[in-house]
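Each residue of the sequence shown is one higher than the last, beginning at -6 in my numbering. Think of the CB as a built atom: it goes at the ideal place given N, C-alpha and C, for glycine as much as any other residue.
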Amino acid sequence: MTVLIIKGGKLVDIFGEKDGWENLLDSEIDVKDLRKVFNLPDEVNVEILNPEDDLFMVIFRKEKEVDVLSKTDALLSAIIDSTNDAISVADTEGKIVLVNKAYTRLTGFSPSEVIGKYATVDIAEGDSVHMKVAKERKPIYGVKMKVGPMKREVLVNCTPLFVNGIFRGSVAVIHDISEMIRLASELEETRRLVRRIQAKYTFDDIVAKSRKMRIALEQAKRVAKTPATVLLRGESGTGKELFAHAIHNSSDRSNGPFVSVNCAALPESILESELFGYEEGAFTGARRGGKRGLIEEANGGTLFLDEVGKMGLGIQSKFLRFIQDREIYRIGGTKPIKIDVRIIAATNMDLEKMMENGEFLPDLYYRLNVVPIFLPPLRERKEDFDDLVRLIIKKLNQEFGRIVEDIEPDAMRILKTYKWPGNVRELENTIGRAMINMDHDEKMIKKHHLPLMNINEAGVFMGEMPKESRLKDVIMEVERRMIEEVLKDVGGHRERAAKRLGISLRNLYYKIRKYGIKV
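This is how it looks when you write it as structure tokens:
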């Protein structure tokens, strides 16, 4: 390729292949007869750029070069058209100069309808990113808007184009998120279906050798055969949800949905829409077509209200009306919806005291407290402890893919000494952590596998401390005994001991010297 620079009718410069034309510099050039002047063969193409100007260019290209450029242009067009994301290119003024096939599929606009027009032409809702980039000359990412006559929801990323430091326009990649929004909606519906699945526990999954637990189990079995509302009482982690599942599975509603709602997990405004649902347009952000509430989802089955004591007074009042009338109104709705559902509630709070303080409606309390069942804390179920531990080990073996067979007596003694404020849930968490601490070929949970926090609280390291001891002295003594015990368990291996204690090896050496510990 050769480029001639002509000024005032004279050849002033030559770039590229010169072919001995330097002797023509400063000569008068007749642009009407360039082929003759430069003795050009037929296979050379001649292109004159802006010949009406005083200073202009002439480009000589061989047909082979033109063919390469044509093929390159075709290849670039094919690449742009092959992507599934819509692409639009605009000039320095924000006018569209190029779009691909995906753009047409997404927006419904053909190239002839948009090229040469400002980049607002395809926008149904939102502001043009091309126009903004043309003004600010900075990239813009993640802009949501609606495009085309169908108002497709899209996410747009737009970047400026610079050539040799000069701004030449912008390119936008347009992602169709309408499908993602649809999938998100389907995911929400799937989550609802998951909440509707059959309750997975039965009375056979409940360990009940202790007297208090046997009483609770017998009450639950009797009430399961009736439609009566049940209120499960007990500390956190005592198995209230387990009982709710078992009651549902033993009832004549066992083939219906079991919907669990944690009243403490959501703020009051969201809990109301989740429970009662809403109509389209009921509030800003309401889903098109409205939404069924969880009470409706539970129709024909069981609604389990966990942490019912956390329900706000406003929701309490509305829920009380539902229990009395057995019908609901969606938020923004005027049509009553009849509901047939069995209610099981659970709480670890003192509802009686809450009534006295005006925090819980007495009418709702009496509606829920038809059949109260009290679940004892783990510390009052000593007869159940061995069976519970082994049942948990069996369950966690399946979850973790392990082959743990049992727990040694010393480790069991430590577990039994501890008070378990978190009850069965905390016991399961502790055994799970112990199994994680085991090597894969170990089959017996031992004392050193147990989490140190639990061992300390069980009194293994504390021993007897004089009543007049200062707090500082007690803490130092506990720390010394803990380090000695861990070093003994790991056979004096300092790196393993430091890892078990959760401190650096350097810190461990310092404490060994500080307390005069012999290893």
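For R323, the number of other beta carbons within 10 angstroms of its own is at least 16, and it is reported as buried.
For R335, the enclosing beta strand (DSSP E) begins and ends at R335 to T340. As the crow flies, the alpha-carbon of R372 is around 18 angstroms from that of L235.
Per DSSP, G425 is one residue of the alpha helix (DSSP H) stretching across N416 to N430. Note that the C-beta distance between R426 and P444 is below 8 angstroms. With a cutoff of 8 angstroms on beta-carbon distance, V140 and N150 are scored as not near each other. Where I240 is concerned, the enclosing alpha helix (DSSP H) starts and stops at K233 to N242.
Assignment of P104 by DSSP, reduced to helix, strand and coil, places it in the helix class. Within the stretch 249 to 317, complete alpha helix (DSSP H) segments of at least 4 residues are found at 261 to 269 and 287 to 290, given in chain order. Between the alpha carbons of D78 and A95 lies a distance of about 6 angstroms. By the Cβ neighbour-count rule, G484 is exposed, with fewer than 16 other Cβ atoms within 10 Å of its own.
The secondary-structure analysis by DSSP pairs D169 across a beta bridge with V147. The beta carbon of V200 sits closer than 7 angstroms to those of D377, D380, L381 and L384, all from its chain and outside the five residues before and after it, given in chain order. With contacts defined as CB atoms closer than 8 angstroms, G286 and F269 qualify as a contacting pair.
Under the DSSP assignment, T(-5) falls in the beta strand (DSSP E) whose first and last residues are T(-5) to K0. Pairing I400 with K436 gives a Cβ-Cβ distance that is not under 8 angstroms. Residue range I116 to E118 is occupied by the beta strand (DSSP E) that includes E118, with no alpha helix (DSSP H) assigned at that position. In this structure the stretch 241 to 251 does not lie against the stretch 362 to 372, because fewer than three pairs of beta carbons, one per stretch, are closer than 8 angstroms. The beta carbon of N390 sits closer than 7 angstroms to the beta carbons of I396 and V397 from its chain, once the five residues preceding and following it are set aside; these are given in chain order. Contact holds between the stretch 218 to 232 and the stretch 400 to 419, because three or more Cβ pairs, one in each stretch, are under 8 angstroms apart. In this structure, T100 and D115 form a Cβ contact; the two beta carbons are roughly 5 angstroms apart against a cut-off of 8 angstroms.
The stretch 203 to 211 makes no contact with the stretch 343 to 359; the number of CB pairs closer than 8 angstroms stays below 3. When rounded, the separation of the alpha-carbon atoms in G293 and D333 is 5 angstroms. Each of E118, K218, S81 and I240 was checked against the Cα of S103, and the nearest Cα belongs to S81. Here DSSP, grouped into helix, strand and coil, assigns Y322 to coil.
The shortest C-alpha to C-alpha distance from I308 to any of S266, L344 and I336 is the one to S266. With fewer than 16 other Cβ atoms from the protein chains shown falling within 10 Å of its own Cβ, H433 counts as exposed. T152 has V164 as its beta-bridge partners, per DSSP. Close CB contacts of I366 within its chain, under the 8 angstroms cut and outside five residues either way in sequence, are with A209, Q212, A213, V216, V223, L224, L225, R226 and F236 (chain order). Where F378 is concerned, the enclosing alpha helix (DSSP H) starts and stops at F378 to F393.
By a beta-carbon distance limit of 8 angstroms, M138 does not contact G162. Their separation comes to about 20 angstroms.
Taking 8 angstroms as the cut-off, the Cβ atoms of K440 and A404 count as close.
Apart from the 5 residues on each side of it in sequence, D466 has no Cβ closer than 6 angstroms to any other Cβ in its chain. In the structure shown, the three-state DSSP call for N157 is coil. For D245, the three-state secondary structure derived from DSSP is coil. Taking a 10 Å sphere around the C-beta of T327, we find fewer than 16 other C-beta atoms and assign the residue as exposed.
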